[in-house]
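**Student:** Structure provided below as structure tokens; questions to follow.
Residue numbers (the numbering used here), protein chains in the order written: chain B, 414 to 687; chain Z, 158 to 462.
Structure follows, in structure tokens:
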């Protein structure tokens with residue numbers, strides 16, 4: 414058995430804590446501007462002060478405060494997208510695997526197509542036509558996720574439906590819907606949970622990338638990707654604007670990926686090949 | 158072999174139909190597509206003309222027919238920002254992206270094959286550990302941030318490499334590394350895991366018993382088979398490359414189709430974005446078809462099933 418990924422727990426725990434208690438952790442708000450104190454470096458640099466531990470941005474907003482509040486935005490977007498995208502994928506996977514035949518063939522062609530075409534393009538299209546916002550972002554990222562879930566869950570269901578307890582349920586007179594919901598669904602939940610954890614990193618990067626491209630949550634909401642984008646033009650004079658939020662993204666994604674790997678080995682080792 | 162290619166071609170056409178349909182539907186979601194297609198300052202007369210040419214006063218299925226008929230003829234509307242046909246803008250930028258993509262792929266192949274092989278041969282050794290760490294980091298680091306980090310280190314601090322636009326070979330280094338990193342990480346993991354599997358297989362044992370040199374066993378018998386999963390997952394990598402190109406070209410002000418996608422969003426140039434999406438789909442279908450044929454060549458099992 415693999416070691417518990419302690420560092421992952423620590424980073425994820427810190428992020429959840431920041432997301433929950435952000436307003437009480439700092440004396441500033443993420444959107445209040447203070448122009449006289451703009452572009453202050455982090456405290457360890459020559460001109461930095463301990464008043465703003467990680468420095469301030471072009472509007473004099475505290476970077477640390479925006480990071481903490483950004484954790485909230487990230488987690489909300491991640492949670493909702495996984496619920497929507499993962500949920501749709503789960504449903505399609507179960508139906509496709511259990512019903513089989515033409516339905517299965519059709520749905521799996523859709524999945525193949527979704528894998529081939531970069532859904533970030535649809536996300537950008539949605540953002541332009543429907544306007545930026547949480548709903549658009551969740552829909553866009555959901556679009557990115559469903560196919561992966563559907564394919565893996567379908568594989569599981571194909572194996573499950575040959576088992577004796579499903580045959581017994583049929584003999585017993587259960588309807589197809591009932592079999593899918595009460596007999597198949599609980600048995601693929603482990604796999605579903607592993608997929609959710611393995612996808613958290615992908616979602617966080619997707620959210621950050623879309624925000625970076627100007628198609629995520631609209632400013633001045635603090636999003637990590639948006640913070641990296643806003644600091645990009647100042648990289649030669651104020652490195653902390655872009656690099657600090659980027660470190661936060663990488664750390665969190667790394668933590669979730671390692672945690673996902675661990676969970677997979679623990680709950681569902683046959684997913685290893687993925 | 159013919160049946161295989163026809164099947165793949167059919168799948169490509171399916172993808173194109175799907176993408177076109179989604180673009181059409183999303184464009185109609187907001188109600189009035191004329192507001193999306195024409196610049197804000199367009200006159201009432203221009204609006205009426207547009208409604209007429211696109212048949213927007215007709216029923217939905219007729220509108221779709223006009224849309225597809227135009228698309229097939231290469232007419233995907235006029236770019237609002239560039240004031241010329243959107244497909245012309247796309248093709249004027251395409252060569253610049255076609256310079257960058259192969260560079261990233263070459264980097265991935267040159268790095269991933271030797272590292273993947275050595276990692277599999279000396280499992281748990283120094284190379285395995287280091288390349289494993291690089292792979293994990295490479296997958297966790299978002300492209301756009303990696304680009305900015307590289308600019309900070311190599312352009313701002315060290316002053317070795319240019320940070321933006323096209324030019325001599327030095328301009329290629331940072332964008333190539335930025336775009337190629339996830340490919341290196343992905344290829345390396347795949348090659349390592351399939352090498353581990355193949356090294357255990359019967360035909361490798363046989364090759365060794367026959368007394369072939371280790372170099373020949375590894376490079377001829379193992380590698381060729383280890384590359385199969387890379388080719389079969391190619392479609393996924395291709396999608397990733399297109400996504401990566403959007404972000405990388407944006408960071409490095411690289412005048413290719415990725416940067417064009419970003420500009421379309423930035424300047425709210427809907428016809429241009431629509432054209433880029435459909436043309437990207439055509440490009441992806443074409444490249445994947447070439448790879449599929451290559452795949453059938455490398456793996457004879459594909460040809461006969």
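Don't be surprised by glycine CBs; every beta carbon is placed ideally from N, CA and C.
Between the C-alpha atoms of residue 204 of chain Z and residue 237 of chain Z, what's the straight-line distance to the nearest angstrom?
**Tutor:** The alpha-carbon atoms of residue 204 of chain Z and residue 237 of chain Z are separated by roughly 14 Å.
**Student:** State the beta-bridge partners of residue 475 of chain B as determined by DSSP.
**Tutor:** DSSP output for residue 475 of chain B lists B:469 as bridge partner(s).
**Student:** Three or more C-beta pairs under 8 Å: does that hold for the segment 366–380 of chain Z against the segment 299–307 of chain Z?
**Tutor:** Output reads no: the segment 299–307 of chain Z does not touch the segment 366–380 of chain Z.
**Student:** Excluding five sequence neighbours on each side, which residues of the same chain lie with their C-beta closer than 8 Å to the C-beta of residue 433 of chain Z?
**Tutor:** For residue 433 of chain Z, where only same-chain residues beyond five positions count, the Cβ hits under 8 Å are 243, 247, 414, 417, 418, 421.
**Student:** Contact criterion: CB-CB distance below 8 Å. Does residue 436 of chain Z meet it with respect to chain B?
**Tutor:** Answer no: the Cβ-Cβ gap between residue 436 of chain Z and chain B never drops below 8 Å.
**Student:** Looking at chain B, which residues of the segment 292–305 of chain Z have a Cβ within less than 8 Å of any of its Cβ atoms?
**Tutor:** Answer set for the segment 292–305 of chain Z: 293, 294, 296, 297, 298, 299, 300, 301, 302, 305.
**Student:** Could you check which residue in B:462, B:527, B:513, B:538 has the C-alpha nearest to that of residue 562 of chain B?
**Tutor:** The shortest Cα separation from residue 562 of chain B among B:462, B:527, B:513, B:538 belongs to B:527.
**Student:** Who are the neighbours of residue 541 of chain B on chain Z, taking C-beta pairs under 7 Å?
**Tutor:** Simply 422, 425, 427, 430.
**Student:** Check each residue of the segment 363–386 of chain Z: if its Cβ is closer than 9 Å to any Cβ of chain B, include it; give the result in chain order.
**Tutor:** Those would be none; no residue qualifies.
**Student:** Report the start-end ranges of each alpha helix (DSSP H) in the segment 296–363 of chain Z that is 4 residues or longer and not cut off at the edges.
**Tutor:** Runs found: 300–307, 327–356.
**Student:** Go ahead and pull the three-state DSSP assignment for residue 633 of chain B.
**Tutor:** Three-state result, residue 633 of chain B: coil.
**Student:** I need the boundaries of the alpha helix (DSSP H) containing residue 674 of chain B, first residue and last residue.
**Tutor:** Counting along the chain, the alpha helix (DSSP H) containing residue 674 of chain B begins and ends at 653–680.
**Student:** If you draw a straight line from the C-alpha of residue 434 of chain B to the C-alpha of residue 277 of chain Z, how long is it?
**Tutor:** If you take the alpha carbons of residue 434 of chain B and residue 277 of chain Z, they lie about 46 Å apart.
**Student:** Residue 179 of chain Z CB to nearest chain B CB: under 8 Å?
**Tutor:** At least one chain B Cβ lies under 8 Å of residue 179 of chain Z.
**Student:** If contact means a Cβ-Cβ distance below 7 Å, which residues of the segment 622–656 of chain B contact chain Z?
**Tutor:** Residues passing the 7 Å Cβ filter: 622, 625, 626, 627, 628, 641, 645, 648, 649, 652, 655, 656.
**Student:** Would a check of beta-carbon distances place residue 600 of chain B closer than 8 Å to chain Z?
**Tutor:** Chain Z, which has no Cβ nearer than 8 Å to the Cβ of residue 600 of chain B, makes this no.
**Student:** Taking the alpha-carbon of residue 487 of chain B as reference, which of B:540, B:432, B:455 has the nearest alpha-carbon?
**Tutor:** Minimum Cα distance to residue 487 of chain B is reached at B:432.
**Student:** Between which two residues does the alpha helix (DSSP H) holding residue 244 of chain Z run?
**Tutor:** Segment 243–278, the alpha helix (DSSP H) holding residue 244 of chain Z.
**Student:** Hey, would you say residue 671 of chain B sits closer than 8 Å to residue 606 of chain B, going by beta carbons?
**Tutor:** No, they are not a contact pair.
**Student:** Please state if the CB of residue 566 of chain B and the CB of residue 604 of chain B are separated by a distance shorter than 8 Å.
**Tutor:** Yes.
**Student:** Given a limit of 9 Å on CB to CB distance, which residues of the segment 516–535 of chain B reach chain Z?
**Tutor:** Listed by position along the chain: 522, 523, 525, 526, 527, 528, 529, 530, 531, 532, 533, 534, 535.
**Student:** Quick check: the segment 659–677 of chain B against the segment 608–622 of chain B, are there 3 or more CB pairs under 8 Å?
**Tutor:** Contact holds: three or more Cβ-Cβ distances are below 8 Å.
**Student:** Measuring alpha carbon to alpha carbon, tell me which of B:455, B:568, B:493, B:514 ends up nearest residue 507 of chain B.
**Tutor:** Ranking the options by Cα distance to residue 507 of chain B, first place goes to B:568.
**Student:** Closer than 9 Å by beta-carbon distance: list the chain B residues that pair up with residue 233 of chain Z, in chain order.
**Tutor:** Under the 9 Å cutoff, chain B gives no residues; its nearest Cβ is about 13 Å from residue 233 of chain Z.
**Student:** If you draw a straight line from the alpha carbon of residue 516 of chain B to that of residue 579 of chain B, how long is it in whole angstroms?
**Tutor:** Spanning the two alpha carbons is a distance of roughly 20 Å.
**Student:** Count the other CB atoms, across all protein chains shown, that sit within 10 Å of the CB of residue 687 of chain B; report buried if there are 16 or more and exposed otherwise.
**Tutor:** With a pLDDT of 46 at residue 687 of chain B, under the threshold of 50, the modelled position of that residue is not reliable, and no figure is offered here.
**Student:** For a contact defined as C-beta to C-beta under 9 Å, what are the partners of residue 309 of chain Z on chain B?
**Tutor:** Going along chain B in sequence order, the residues near residue 309 of chain Z (Cβ under 9 Å) are 648, 649, 652, 655, 656.
**Student:** Are there three or more Cβ pairs, one per stretch, closer than 8 Å when the segment 484–504 of chain B is compared with the segment 532–540 of chain B?
**Tutor:** Segments in contact, no.
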